[in-house]
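In our numbering, the protein residues as written are 35 to 826. By construction, the Cβ of each residue, glycine as well, lies at the ideal position given by its N, Cα and C atoms.
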């Protein structure tokens, strides 16, 4: 039976066990003291409030103590809330927990900034311009992203979620039946602010400076309780302005002679502005029944964006009179995005002791994007070509989850007292889920005023229905062994209208058995071993299934394009990727806090989805065009080793400063069958990632400082026999300093990407006698942030 379940025991049992725990600890000495996470030495200022003393003397009227629990049941009584390390240690399925103290250390403005320093997490793109987080180096949907256990909707960016809205972040390296199996690389679950523990009324005012541009921001967090109502409210506003530039070089090389036959150089400069507002809340009512509650979780997010870009294109080969497609170009774009959601959760404690949960939500988003691009010859005012794009999209979604949790066999919390005994304490969970999503898109594409892709129409519609059911059991065989087993079925149906008269339908369903084992060689020691055997999958998205094409702007539809600048389209016949997985981990929890861990994993995939570029005869062009479509290309395998360490320097060296040290290293490799090596890795998987960090609170001054070093090596990916891509090395140095004027006032200085480096990528395509290569270079910049943190 999980230790957390014991906290719901009757009062008499709590008092009896507390007294026994205190006596046992006093007799055992320091070696058996429970582990504690390293102190948050550089967290934001907090009002000092000591915990009230705990009395072990029952008040008048207290019922007699309940019978002593069975030997297999673990009951832990602590003087306060469980630490992040406790939650991680007690979970049978491997889980990393990052709580408020850790989130507050660096003082990151957004969740996206927090994630990039966590174990096994990488973000694609240049520093400060990264995309969705990835686990184990795997992108493209291999990582499941959740907010409060619900999948993040399409179009939502974690950069729009402020760190103040988050209670903790959970990283599950292997899937479970309850959290879902669409997690080949793992799951990141972001848990927003929970019930009232201490009063919070925090205000943060800040500004960031990067490459000559300022970006102000504001965030406010407040919670309180009013009788049976507990509420958390968060609000944030921001205005980001970024000036960026880039260059690319495209060459064509004759493979026989090695000489260049074509050389083009393009440059770009973009000034982008993005402003937004987000509001969220969590309203929780304690109902009449013990353990019954109702919770409402509204949220609204809106942002506006504008950008203006200037381009140049220079052609060196072939020489004049040959000319490039244009010499100069400029583009302007604007966009709006609004998302709203109302989540509802109802929990009821049944007479049998089971807990019934009903979770649901309705929401949607709306977006509008418009852009204009003009291309010119040098010295001319009349454009050679004008492209206009306008896109209006909307998505509506609703979901409902029913979950039943029952603790049996321990004689506690409604279980059968007669059935107690070692190995008979089970936490049973069964659930059913239904989710519906409907998306509508209207798109207008004009070239010199003439509609493009007219035969496909201006409207695109797609709907997705997902059904799932699961059962899960977690139990302790004895003091050494715990088991977590589950079975999940999930079916997805996607229907679309591509605008060309076709109505593709894609159906898939997957059974996923999952088993997790936890073994403690010595229950009184601090070592434990985990083993997970799982099945997971990745389902194709609606945008991958709907076959409506998109024409590459660089090359108009009335002529040919190049394989390094293909058009794109969907594939309604895609099937899910399936993966069988094994995870083996060793964990050592250190005396006085901290841990050491090593994790080995293997995934064997079938039906791998990859974008394949082929030359096609298309209806929208008089000549064949290169088109990129997702396809199931075959089988693949990936393996890796992940190491993590967290401890204080004085645990390693006597009388050393209490510097908190942390580090994590991930080493990954993969191969896709049917593609020649040695770089036939899964698309986007980096071979390694490294994070090193330290935090220190000066004793002589009210100052906390810290830093982090992130490294991802350069790597090459063989995408097909004739196509490859390369990503350059990425190194990021971050640092912070927090001066605490008083428990209610702090001033924080953050520096990101202290040693900026150019970010380089390339794509290569080999034709019969030519090799075309496109290389891009994007400079990165240091960012400085100054933030005033107030506790009102």
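Residue state for residue 130 is assigned as strand, using DSSP reduced to three classes.
Per DSSP, reduced to three states, the secondary structure at residue 194 is helical.
In the three-state DSSP reduction, residue 589 falls in the coil class, being neither helix nor strand.
Between the alpha carbons of residue 675 and residue 758 lies a gap of roughly 26 Å.
At the C-beta level, residue 576 and residue 546 stay beyond 7 Å of one another.
A Cβ-Cβ contact shorter than 7 Å links residue 313 with residue 269. Within a 10 Å sphere around the beta-carbon of residue 357 sit fewer than 16 other beta-carbons, which makes this residue exposed.
Here residue 237 has 254, 824, 826 as same chain residues with Cβ atoms under 7 Å from its own Cβ, once five neighbours each way along the sequence are excluded. 591 is the residue among 703, 696, 591, 612 whose C-alpha sits nearest the C-alpha of residue 656. Residue pairing by DSSP places residue 515 opposite 553 in a beta bridge.
For residue 207, no beta strand (DSSP E) run applies, since DSSP gives it neither H nor E. A residue is called buried once 16 or more other Cβ atoms fall within 10 Å of its Cβ, and residue 508 is buried on that count.
In this structure, DSSP gives residue 576 a helical state, which the three-state scheme calls helix. Under DSSP, the beta-bridge partners assigned to residue 807 are 285, 798. Residue 184 counts as buried, since at least 16 other C-beta atoms from the protein chains shown sit within 10 angstroms of its C-beta.
Look at residue 155 here: in three-state DSSP terms it is strand. Here residue 693 carries a coil assignment [DSSP, helix/strand/coil]. For residue 625, no beta strand (DSSP E) segment is defined, and its DSSP state is neither H nor E. Taken through DSSP and simplified to helix, strand or coil, residue 139 comes out as helix. Excluding its 5 nearest sequence neighbours in each direction, residue 193 has C-beta neighbours in its own chain below 6 Å: 144, 146, listed in chain order. For residue 719, there is no enclosing beta strand (DSSP E), as DSSP marks it with neither H nor E.
Measuring C-alpha to C-alpha distances from residue 126 to each of 681, 209, 351, 799 identifies 209 as the nearest. One Cα belongs to residue 621, the other to residue 361, and the distance between them is close to 60 Å. Leaving aside the five residues that flank residue 761 on each side, the residues in its chain whose CB is nearer than 7 Å to its CB run, in chain order, 748, 749, 795.
Residue 651 sits in coil when the DSSP states are folded into three classes, being neither helix nor strand. A buried status is given to residue 643, since no fewer than 16 other beta-carbon atoms sit within 10 Å of its beta-carbon. Distance from the Cα of residue 339 is smallest, within the candidate group 215, 272, 763, for 272. DSSP, read as helix, strand or coil, puts residue 119 in helix. If the five residues before and after residue 234 are omitted, its C-beta is found closer than 7 Å to the C-beta atoms of 255, 256, 257, all from its own chain and listed in chain order.
The region 164-190 contains, as complete beta strand (DSSP E) runs of 3+ residues, the segments 177-181 (chain order). Looking at the DSSP output, residue 568 bridges to 548, 615. Going by DSSP, residue 148 is part of the alpha helix (DSSP H) stretching over 145-149.
When beta bridges are read from the DSSP output, residue 422 appears opposite 406, 480.
A residue is called buried once 16 or more other Cβ atoms fall within 10 Å of its Cβ, and residue 711, having fewer, is exposed. Taking C-beta atoms as the reference points, residue 309 and residue 343 fail to come closer than 7 Å. If you draw a straight line from the Cα of residue 608 to the Cα of residue 582, it is about 15 Å long.
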